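FYI, in UniProt numbering the residues of the sequence shown are 1 to 215. Using N, Cα and C, we set each Cβ at its ideal position, and we do this for glycine too. Keep in mind the model is a prediction, meaning the values are calculated, not measured. For reference, the structure discussed in these notes is given below.
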Amino acid sequence: GTLFLDEIGDMPAALQAKLLRVLQDKEFEQLGSNRVLRADIRIIAATSARLEEKVSAGSFRADLYYRLNVLTIQLPPLRAHLQDLPVLCESLLLQLAQRGHMGRCQLTPAAMQRLAAYHWPGNVRELRNILERASMLSQGGMLDEADIGSLLGPLPAGQVDAGDYQQQMARFEAQLLRQALAAAAGHVPTAARQLGMGRATLYKKLAALGISTAS
Numbered sequence: 001g002t003l004f005l006d007e008i009g010d011m012p013a014a015l016q017a018k019l020l021r022v023l024q025d026k027e028f029e030q031l032g033s034n035r036v037l038r039a040d041i042r043i044i045a046a047t048s049a050r051l052e053e054k055v056s057a058g059s060f061r062a063d064l065y066y067r068l069n070v071l072t073i074q075l076p077p078l079r080a081h082l083q084d085l086p087v088l089c090e091s092l093l094l095q096l097a098q099r100g101h102m103g104r105c106q107l108t109p110a111a112m113q114r115l116a117a118y119h120w121p122g123n124v125r126e127l128r129n130i131l132e133r134a135s136m137l138s139q140g141g142m143l144d145e146a147d148i149g150s151l152l153g154p155l156p157a158g159q160v161d162a163g164d165y166q167q168q169m170a171r172f173e174a175q176l177l178r179q180a181l182a183a184a185a186g187h188v189p190t191a192a193r194q195l196g197m198g199r200a201t202l203y204k205k206l207a208a209l210g211i212s213t214a215s
């Protein structure tokens, strides 16, 4: 089988030794027993830490590191692919609604822009946490900039380049509007209500972004 170990860089030294034994000898002992069991498993390990630095500092075993580091897949941080924010948020809000037995919330364009301006040191986990907290505190089905900003805190000065920010916001807004139109089967008044904006405002935004109501 396959065993997934998350944040393996935080594993205590004693557990590192036990894991190394499993990888080298394919055997282990259950807690409270002297019986040796066989284990032929595939290990997938994830970490947000730099294991090379931990090895140099002596907090992570070098022999375990080389045993694990057979194939490395580098996943970019959330801030490196902010264009995926609308899709990620939609998926996470749907999951939260299904698992939390709460109404499904939606993000206004202003809320999405506030999320896009954040640097996300905690990546998707932090995004999920923010959306979950905002959904629980929300008085309605729409999450606005104030709902998100109160959880993220103020933006540091000069964090976002103005030119890049405007370009990214245009892409986010276009994607968000297309998703709203698709969910409303192309019916602009319905999409406007879902987005929390007036119908005339939505028509203007669609025209400015070159989005057809038939798309």
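Any chance you could list the beta strand (DSSP E) runs of at least 3 consecutive residues sitting entirely within the UniProt domain "Sigma-54 factor interaction" (1 to 136), in chain order? 2 to 5, 27 to 29, 36 to 38, 42 to 45
According to DSSP, which residues form a beta bridge with K142? Going by the sequence as given, residue 142 is Met instead of Lys. Its beta-bridge partners are Q106.
Q175: which of K204, P86, E7, L137 sits nearest, CA to CA? That would be P86, whose Cα lies nearest to the Cα of Q175.
Run through DSSP, which three-state label would S212 get? coil
Backbone CA spacing between L209 and L177 [nearest angstrom]: 10 Å
Indicate the three-state DSSP secondary structure (helix, strand or coil) for A180 in the structure shown. helix
Does G153 come out as helix, strand or coil in the three-state DSSP assignment? coil
When burial is assigned at 16 or more other CB atoms within 10 Å of the CB, is F60 buried or exposed? buried
Just to check my reading of the structure: V51 and Y65 have Cβ atoms closer than 8 Å, yes? What is that Cβ distance to the nearest angstrom? It should be pointed out that residue 51 corresponds to Leu in this sequence rather than to Val. The beta-carbon distance between L51 and Y65, rounded to whole angstroms, is 6 Å. This is short enough to meet the 8 Å contact definition.
What residue from L20, R104, R114, A49 has the CA that sits closest to Q139's CA? R104
Backbone secondary structure at A207 - three-state DSSP: helix
Within the same chain, show all residues whose beta-carbon is closer than 7 Å to that of L202, passing over the 5 residues directly before and after it, in chain order. V188, A191, A192, L195
Go through its chain and collect everything with a Cβ distance to E132's Cβ below 7 Å, but skip five positions before and after it. L96
Tell me the rounded alpha-carbon separation between A185 and T213. Here the alpha carbon of A185 sits roughly 9 Å from the alpha carbon of T213.
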